[in-house]
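Asks: Once you know that position 290 of the sequence shown is 302 in my numbering, the rest is easy, because the numbers rise by one and skip nothing. Just so it is clear, CB atoms sit at the ideal spot from N, CA and C, and this is done for glycine as well. All of these numbers come straight from a predicted model, not from anything done at the bench.
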Amino acid sequence: MSQEERAQLLLPITDFVEAFEQDFRQSLQSDAPVLSHALEHLRLSSGKHIRPIIVGLCAQLCAGQTNEQTLSAALVIELLHTASLIHDDVIDWSDTRRGQPTLNALYSNHQAVLMGDYVLSTAFLELVSREHTPEMLRVVAQAGRDLSIGELMQLSLSKAHTYREEDYYAVVDRKTGALFEASAKLGALSVDATEEQVKRCSRLGQLMGRAFQLQDDLFDYDTALDVGKPTGHDLIEGKVSLPLLYVLNHATPTERDEIISYLQQPIGSDSIEYLLRIANERGGIDYTERQIQHIHQEAIDLLRSFTPSSTRETLERFITLLGERQK
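1. CA-CA distance, V67 and I331?
2. Using only the alpha-carbon positions, how far apart do I103 and S120 sit?
3. Based on the DSSP secondary-structure assignment, which residues constitute the bridge partners of R109?
4. For the pair the stretch 77–88 and the stretch 197–212, tell me if three or more CB-CB distances fall below 8 Å.
5. Report yes or no: do three or more beta-carbon pairs, one from the stretch 267–279 and one from the stretch 209–227, lie closer than 8 Å?
6. So, are the CB atoms of L115 and A124 less than 8 Å apart?
7. Using 10 angstroms around the beta-carbon of H49, count the other beta-carbons present and answer buried if the total reaches 16, otherwise exposed.
8. Give every residue of the same chain whose Cβ lies closer than 6 Å to the Cβ of V131, excluding the five residues on either side of it in the sequence, and list them in chain order.
9. Using 8 Å as the threshold, is the C-beta distance between D232 and G244 below it?
10. Could you pull the start and end residues of the alpha helix (DSSP H) that S96 belongs to?
11. Can you tell me whether DSSP reads Q276 as helix, strand or coil?
12. Can you give the Cα-Cα distance for V239 and L159, rounded to whole angstroms?
13. Output needed for L54: all residues of its chain with C-beta closer than 7 Å, excluding positions within five of it in sequence on either side, in chain order.
14. Would a C-beta distance cut-off of 8 Å place L47 and T326 closer than the cut-off?
15. If contacts are defined as beta-carbon pairs under 8 Å, then A155 and A196 qualify, I think. What distance do you get, rounded to the angstrom?
16. L256: which of S133, S281 and Y299 sits nearest, CA to CA?
17. Any idea if H308 is buried or exposed, counting beta-carbon neighbours within 10 angstroms, 16 or more meaning buried?
18. Quick one: residues in its chain with C-beta nearer than 7 Å to the C-beta of K187, no 5 flanking neighbours on either side, listed in chain order?
19. Please go through the same chain and pick out, in chain order, the residues whose beta-carbon is closer than 6 Å to the beta-carbon of A194, but skip the five residues on each side of it.
20. Below 8 Å on the Cβ atoms is my contact criterion, and I expect L219 with A311 to pass it. Report the Cβ-Cβ distance as a whole number of Å.
21. Going by the CB atoms, is the gap between L83 and D35 shorter than 8 Å?
22. In or out: Q15 buried (at least 16 other Cβ within 10 Å) or exposed?
23. Alpha carbon to alpha carbon, how far is H122 from P113? Give it in angstroms, no decimals.
24. Apply the 10 Å Cβ neighbour rule to T323 and answer buried if 16 or more other Cβ atoms are within range, or exposed otherwise.
25. Determine, using beta carbons only, whether F4 and L73 come nearer to each other than 8 Å.
26. So, for R142: in the same chain, excluding its five sequence neighbours on each side, which residues have a beta-carbon less than 8 Å away from its beta-carbon?
27. Counting only the same chain and skipping the five closest in sequence on each side, list residues whose C-beta sits under 7 Å from that of I89.
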């Protein structure tokens with residue numbers, strides 16, 4: 013999606029997005045020389061701000077407007093997300109993200125962890141500096157816990173070589189879904205939405221998180237796309253996602269043993285080529301695309317239970333984009 017297309021899509025919350033981006037840039041500043049360069053790198057390499065956009069859209073969906081609480085919640089969520097990415101890169105020994113060097117590649121693992129802690133502390137400082145309700149505080153705290161649990165679950169499953177679809181979704185709903193769900197829920201809470209609206213936004217966020225993660229998993233199997241990480245990157249890290257899980261769970265015992273033997277040894281280019289090929293040939297890619305379509309339809313059906321508005325139309329288009337093969 014080009015900058016022009018993005019601006020057109022987000023017309024209903026243009027002022028909100030501009031205010032958020034200004035606050036985000038200001039939050040990633042420090043007089044400490046040891047931090048200033050790293051924070052500048054984070055500002056310049058930040059992503060599309062999907063989660064803050066969800067905060068704003070869900071607030072406007074429920075109340076027709078955003079406010080200072082909405083803006084603050086969006087900033088907290090993006091800072092929490094940024095801190096989690098810094099820590100993820102250390103855990104995964106990643107040296108690039110979005111086509112740019114990671115902080116641990118530019119500095120060291122030790123320094124990157126501390127920089128992630130600094131960003132996390134900045135999120136909490138923002139959280140307590142504004143008049144957020146106890147429920148909003150609880151949502152943020154729970155999202156942080158779920159992120160950690162999801163990462164620990166993924167590490168545990170990888171070491172145990174456990175390949176079950178229900179475990180995969182349990183990790184997705186925590187590692188990715190937690191922040192999407194929190195974003196949608198915080199947007200609703202920030203404008204004093206009804207209990208039913210908050211509940212529906214929460215589910216909507218969870219579905220968006222699933223669609224986003226499944227699409228991201230597909231990128232790992234597509235050699236034709238350039239999305240800021242090399243093809244097969246997740247497989248190298250021992251992460252078995254839905255395309256290959258489907259193949260494993262529908263293979264003959266002999267085929268399953270062969271696939272697992274590849275996964276249990278250091279993965280080189282030959283192994284990646286084999287695993288990518290079998291995920292394509294045995295229906296893993298098609299199955300994952302069907303799951304994205306099912307999730308997308310459930311999200312759209314849920315969204316249409318809200319009062320018709322330009323914001324609802326924007327959010328519907330936004331959800332569709334999450335499930336498409338966008339670079």
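Replies: Concretely, from the data shown:
1. 13 Å
2. 12 Å
3. Q112
4. Yes, since at least three Cβ pairs between the stretch 77–88 and the stretch 197–212 fall closer than 8 Å, the two stretches touch.
5. no
6. In this structure, the beta-carbon distance from L115 to A124 falls below 8 Å.
7. Under this definition H49 is an exposed residue.
8. L91, T94 and A95
9. yes
10. E80 to D104
11. coil
12. Note that V239 scores a pLDDT of 48, beneath 50, so its modelled location is shaky and nothing firm can be said.
13. L40 and T94
14. no
15. Wrong, their Cβ atoms sit about 11 Å apart, outside the cutoff.
16. Y299
17. buried
18. L159, G162, E163 and Q166
19. V151 and A155
20. 4 Å
21. yes
22. exposed
23. Approximately 16 Å, taken between the alpha carbons.
24. buried
25. Past the edges of the chain, shown from 13 to 339, lies residue 4, and the structure says nothing about it.
26. Excluding positions up to five away in sequence, the list reads E80, Q81 and S84.
27. R63, P64, V67, L191, A194, S195 and L198
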